[in-house]
Amino acid sequence: MIDKVVGSFDEAVSDMRDGATLLIGGFGGFAECPSYLIAAVARKGVKNLTIVANSAGWGLEFRDQLVARMRPLLRYPEDYYDQGILIERGQVSKAIVSFAAAIGHVQTPLEKKAAAGEVEVELVPQGTMAERIRAAKAGIPAFYSPVGAGTFTAQGKEVRQFDGRECVLERAIRADYALIRAHRADRYGNLVYRGSTRTFNATMAGAARITIAEVDEIVELGELEAEHIVTPGVYVQRVVVRPSSPRPWNVPS
Amino acid sequence: MARSRLDERAIAFRVAKEFSDGMVINLGIGIPTLCANFIPLGREILFHSENGVIGFGEIIENPNLADPTLINAGSQPVLRRPGMAIVDQAESFAVIRGGHLDLAVLGAFQVSEQGDLANTVMPGKSIGSIGGAQDLAFCAKRVIVAMTHVDRDGRPKIVRRCTSPVTAPRCVNLIVTDIAVIAVSGEGLTLLEYAPGWSVEEIQALTEPHLRTSPTLREIELL
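Chains A and B are the protein sequences, given in the same order. The opening residue of the first sequence carries number 6 in this note's numbering; numbering runs sequentially from there. The opening residue of the second sequence carries number 223 in this note's numbering; numbering runs sequentially from there.
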């Protein structure tokens, strides 16, 4: 019998080791962020991680500022924890991100740690990041892209002309774990997403040795229409359900 | 006549006049986002955002009505519209990289005489944020920059050569600022329009490279 549902977030990340590479889903909003999986990694305390994510995150220090700034538009929930927590706690040694710095004059946890020389930063154009992850999922080791040719993002990379256009050789990003967020799952690990929460979550599913999905709900096999499934369960190894009421990040769940 | 600068909404209004019916358009964070509020009457536009939404509506400025699972690339909640489509991140950038995007409207720290765009590393910071800007600037069919003409310290943002890291070389087609509309071509910069009350000489004094004057030079129309 295939049953990928795991009983707790701590159990879902129990085999994670120091030095692991993590793809962390989401884009920038709270509804697509795998907050409880991130919190479980923070509790586990694994170190020397490489994280790959769209944004470096705000952590706990800037959480209140973010919530205040967004208040005219959205009410942020109490249980929004992003990858910035892992950076703040000194668990990350390298960050591969497209948003490293905050827009404005505040400094993200990553900006502080990078300035102190504690974290290495690789700034990657968002589309190149998505394609490097997709390539890993699809078993493509590298590809050429026109984006970035002649600029700082192409430094140290092979450049070749195709159809008169300079293109940059980009390597796939394969990870040990992909931590993603979805709406519904079944026990095969098939996933559907709500609205714009699909974003990097669906792209990252399957690009790691172990993909773990944090979901709102588990449904019976067959309840998800085959034609509507966005991520097939073959890409997913573990599924965990979010708690029904918010929990502090440091409380096991 | 009193000399005034266009506010952010007026800049967005002027940019939106460039939107033609049926275009697929990506709006960057900041002033560009406001353009969605000024689509000329009778034109149907599909707005694309990097996180994978194509054809969304206006920003919802009321947290009681907002749906956190439908946001644009600036994490602002937007309206669902009939005909809207949602894809994942890789597909979203296939739209951009594959040349399916008619126009990108982006903010900038600097734009050079040749149309080089710098909008990655904020002045005074050592690391930057690139987001989707590089993919957009390299691959959209047309790029419009919407920005203030000078920085906080009054220094020109339209420069001979960018001193800030270049996001994409020779990519900008049109610059719309709070005092001018300037076309960029292989031959340099051409002043097309000026804000009410501004002379060519006054705009030139706040612009590093030489501005040629369009034979059809006129005041920016804000209606």
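All C-beta atoms, glycine included, are put in the ideal place defined by N, C-alpha and C. It should be emphasised that the depicted structure is a prediction, and the values quoted were computed from it without experimental measurement.
Excluding five sequence positions before and after Ile-308/B, the CB atoms of its chain that fall closer than 7 Å to its own CB belong to Gly-274 and Val-275, given in chain order. When the five nearest sequence neighbours on each side are left out, the beta carbons in the same chain lying within less than 7 Å of the beta carbon of Asp-324/B are those of Met-245, Val-246, Ile-247, Lys-363 and Arg-364, in order along the chain.
Phe-148/A has a beta carbon lying at 8 Å or more from every beta carbon in chain B. Scanning its chain for C-beta atoms nearer than 6 Å, with the 5 sequence neighbours on each side dropped, one finds around Val-11/A the residues Ala-17, Arg-243 and Val-245, in chain order.
Excluding five sequence positions before and after Pro-257/A, the CB atoms of its chain that fall closer than 6 Å to its own CB belong to Asp-15, given in chain order.
The residue among Asp-168/A, Phe-167/A, Gly-132/A and Trp-63/A with its C-alpha nearest the C-alpha of Lys-117/A is Trp-63/A. A straight line joining the alpha-carbon of Gly-30/A with that of Ser-386/B spans about 30 Å. Here Gly-200/A really is in contact with Leu-292/B; their C-beta atoms are around 4 Å apart, less than 8 Å.
Here the alpha carbons of Asp-23/A and Gly-279/B stand approximately 44 Å from one another. Per the coordinates, the alpha-carbon of Ser-314/B lies some 40 Å from the alpha-carbon of Pro-437/B.
Among the residues facing chain A, Phe-241/B is not included, as its CB has no counterpart in that chain under 8 Å away. When CB distances to chain A are screened at a threshold of 9 Å, the residues of the segment 246-278 of chain B falling below it are Ile-251, Gly-252, Ser-271, Glu-272, Asn-273, Gly-274, Val-275 and Phe-278, in chain order.
Residue environment: Asn-53/A is assigned as exposed (fewer than 16 neighbouring CB atoms within 10 Å of its CB, all protein chains considered). Residues of chain A whose Cβ lies closer than 7 Å to the Cβ of Met-344/B are, in chain order, Ala-106. Shortest Cα-Cα distance from Leu-268/B to any of Arg-302/B, Asp-289/B and Asn-286/B involves Arg-302/B.
Look at Gly-305/B: its C-beta is not under 8 Å from any C-beta on chain A. When Cβ-Cβ separations below 8 Å define contact, Arg-236/B makes no contact with chain A. Within the model, the alpha-carbon separation for Tyr-86/A versus Glu-37/A is close to 11 Å. Val-102/A sits in a strand when the DSSP states are folded into three classes.
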